[in-house]
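With the first letter of the first sequence counted as 1, position 436 gets the number 461 in our numbering; the numbers rise by one all the way through.
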Amino acid sequence: MSELLANLNQEQFAAVTLPNQSALILAGAGSGKTRVLTTRIAWLIQTGQATPANILAVTFTNKAAKEMTARLSAMLPINLRGMWIGTFHGLCNRFLRAHHQDAGLPAMFQILDSADQLSAIKRLLKALNVDDEKHPPKEVMYFINGNKDAGLRPQHVEADDEFGRKRVEYYRAYDEQCQREGVVDFAELLLRTYELLLKNELLREHYQSRFKHILVDEFQDTNVLQYKWLKLLAGAGLQGAAPATANAIFAVGDDDQSIYAFRGARVGNMLDFERDFHVQNLIKLEQNYRSHGHILDAANALIKNNAQRLGKNLWTDAGHGEPVRVFESQTDLDEARWLISEIKALIADGSKRSEIALLYRSNAQSRVIEQMLFAEGIPYKVYGGLRFFERAEVKHAIAYLRLLANPDDDTSYARVVNFPARGIGARSLEQLNDAAKTRDMANPAGISFYRAVPLLPQGKAAQSFAAFNKLIDGMREATQHLPLKEIIDHVLDHSGLRAHYKAEREGQERLENLNELINAAANFTQEDEDSLIAFLTHASLEAGDNQAEAGQDAVQLMSVHSSKGLEFNQVFITGLEEGLFPHENSTKELDGIDEERRLMYVAITRARHRLYLSFAQTRMLHGQTRYNSKSQFLNEIPEQGLKWLTPRFGSVWAGDDDFVATEKPTYAKSKAPGDSGWRIGQNVLHAKFGNGVIVDAEGSGQDGRLQVNFGRNGVKWLALAYAKLEKV
DNA sequence: TCTTGTCCGGTTTTT
DNA sequence: CCGGACAAGA
């Protein structure tokens, strides 16, 4: 016990040993968050306050869940089975597999990843003859997911115009299609689980009495539905305050690191949680064990510019360390050249390449840097590309496997019915689609492609489809009792995938990936479950690491978003320019700049010993040279902690108007009425609509109109002469 | 039905 | 500028 709690600082200790009540732990970057979470679980068990079966620990990424499990098994000499540790989606999947009947799902239900979902929606819209100019599939997808993430079914969505009604109709049709095909998308995993718990009292009470301790990692990233789900599991009721009988939720999060609002995360959940669960135990972990003082000072000073924080200040006893280095270059190419020389120097000084990270706001920025690293022969690894299970050839193989498990999965059917080519084109598939829409009493929603084949009028197409069905059935029978690895091997041969890629000139790499799939299957061991289903779930839920060239000591390139949770000895934050970081699109969203600033905060706090910030005066973007001014975030970091590597005076950035250029500059769009001081991106307050941000403007002075995004209150055009707007 | 050209659009990402 | 998505020829 004392061993368990040894070496915790005062706040960590307090958090770990809190009494059995809900608590919110504000854990700053590098403050030992994971350690507190895992030690808390171990402590609850060791002191006899909980059994493993009483624990539910939920994270956002598989990586975090694995890390937690690994650390726990190092701490506890007991079997961790019975404890539910996993991602929101993973846990919901587990729940739905166990209660698929109550949830109205087939035992073999398949999980659609985002790409599958998009193609399912495309197929649906095509079948409904929807004009995809007016309703682009991507937007329909965002609409559906946005509503599911908020816990809303089609009947809950209000639509006040024709356009809105149409989208709700598509949402409803999409849900019907998924139901018929026996597939669920990511958001559905959560929503289905939530709804089942809501309506089934027996199940709800069972899980409520089981999970006495619910622990949540990265709480600031939860969306509306995830929070509702947690409340339900905790027995906290849906409205208002939780009763005293509610289970304890131990939430760990950092509002300053909330960078996923764009995908539905709601920081406000932290405040709601405090209120709903009468949180008396708010503990701040502010001692940072990662970075030197100057780096933390920069981070603290920057994030102070955000309003609406829960408030937190990182400190360290590791000393000031080195100043933050700043480099200004003429062009993006110069920036890359400087990066290379600096990296070479660091390596020459004995730094490991894998301890050097190059961060950027958007992935497109990596190209220039990559090219130069490649030319110089410096090993590097880019994160954020295609992942293993997202590769086309792997998805094809998976589609065949899914059809073995569930032939009604139309997305998979459509994907491979003509791959490799079997003379079944778009025309034939359309015919089949028509046949599948046939409704009768037995099948009010229509039937799947697979089942529609016998309904086709005799002809060439009907024969081709029948042959394909036979192929699938044949493979299913032949592989029925084989181990997973041999199932896949059989499918690769009999589907013709292997032969297809063998014949292709550049198919070598794809073949290797298919073999890699067999390897993955061979290493995949799942105890008491149907191994094929388990493997398919694994493929959907854990897309697999990016092209990991394991073992190679390489410089790390990634977007700021993907750097969250990681740390490096030396960090370069590149492209610190207005329009790029902060990104220009962010100015059009409510609180957009604040989220960009949190992003910058995340970036800064990745660095242990040395932090570099760089920006370029001109940058090639979309084939055009853009002239940007340096990022406002640079101005928000106090000068005394900075060390400029380039001279500051004579900089062309003395003022935008003094700009001297040989080419005609293309400024970032900034039209605003006259000199009134209104500008795009400005935050404003309106008596009726509340807080908003200016997105567009026309006219000038008192004749001008401003377009303002008021978030949930909509986007409005306001005439300056009438509307009373305050700058915030 | 499969290959070649043109057009468009272009943050961030996990599950 | 560069890749993906779709429309016209072999």
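No residue lacks a Cβ here, since even glycine has one placed at the ideal position from N, Cα and C.
All of these numbers come straight from a predicted model, not from anything done at the bench.
DSSP bridge partner residues for SER639 (one or two, in chain order): PHE352
Which of helix, strand or coil DSSP assigns to GLN126: coil
Touching by the beta-carbon criterion (3+ pairs, under 8 Å), the region 335-343 and the region 654-671: no
Minimum C-alpha distance to LEU335 - residue among TYR408, ALA52, GLU158 and LEU364: ALA52
Distance between ALA286 and GLN74 (C-alpha atoms, nearest Å): 36 Å
Helix, strand or coil at THR84 according to DSSP, with G and I counted as helix: strand
LEU121 vs VAL209 beta-carbon contact at 9 Å: yes
Simplified DSSP assignment, three categories, for ARG644: strand
Option in GLU592, ASN538, GLY499 and GLN305 with minimal Cα separation from GLY57: GLU592
Buried or exposed (CB count within 10 angstroms, at least 16 for buried), PRO607: buried
For ALA276, the first and last residue of its enclosing beta strand (DSSP E): 273-278
Cβ neighbours of ALA326 in the same chain (closer than 6 Å, five flanking residues each side left out): ILE662 and PRO663
Pick from ARG235, LEU258, ARG197 and TYR199 that is closest to LYS224, judged by C-alpha positions: LEU258
For GLU541: DSSP bridge partner residues: DSSP, once it has assigned bridges, lists no residue as partnering GLU541.
As assigned by DSSP and simplified to three states, the class of GLY176: coil
THR671 versus PHE352 - alpha carbon distance: 6 Å
Element boundaries [beta strand (DSSP E), containing MET583]: 580-584
Sub-9 Å separation of VAL596 and ARG386 beta-carbons: no
Cα-Cα separation between TYR405 and LEU177, rounded to whole angstroms: 44 Å
Inter-residue Cα distance where the pair is THR84 and ALA271: 21 Å
8 Å CB neighbourhood of GLN642 in its chain, flanking five on each side removed: GLU353, SER354, GLN355, THR356, TYR652, ASN653, VAL677 and TRP678
Segment contact flag, the region 112-126 with the region 413-425, C-beta cutoff 8 Å, min 3 pairs: no
Neighbourhood of ILE472 by C-beta distance below 6 Å, restricted to the same chain and skipping five residues each side: ALA461
Contacting residues, own chain, Cβ-Cβ under 8 Å from VAL41 (five flanking each side not counted): LEU30, LEU33, VAL61, THR64, ARG65 and TRP68
Collapsed DSSP secondary structure at GLU602 in the structure displayed: strand
Opposing strand residues paired with TYR252 [DSSP bridges]: DSSP lists no partner for TYR252.
Which residues DSSP lists as bridging ASN306, in chain order: ALA48
Distance CB(LEU240)-CB(ILE80) smaller than 9 Å: yes
Residue from PHE188, TYR196, PRO161 and ASP185 with nearest C-alpha to GLY171: TYR196
DSSP bridge partner residues for VAL718 (one or two, in chain order): ASN708 and ASN734
C-alpha distance - LEU480 paired with ASP174, whole-angstrom precision: 38 Å
Bridge partner(s) assigned by DSSP for ARG651: ARG644
Cross-strand partners of THR112 (DSSP beta bridge): THR84
Span of the beta strand (DSSP E), counted from its first residue to its last, around HIS238: 238-241
Residue of ASP322, GLN333 and LEU228 minimising C-alpha distance to ASP280: GLN333
Through-space distance from LEU428 to ASP434, alpha-carbon basis: 6 Å
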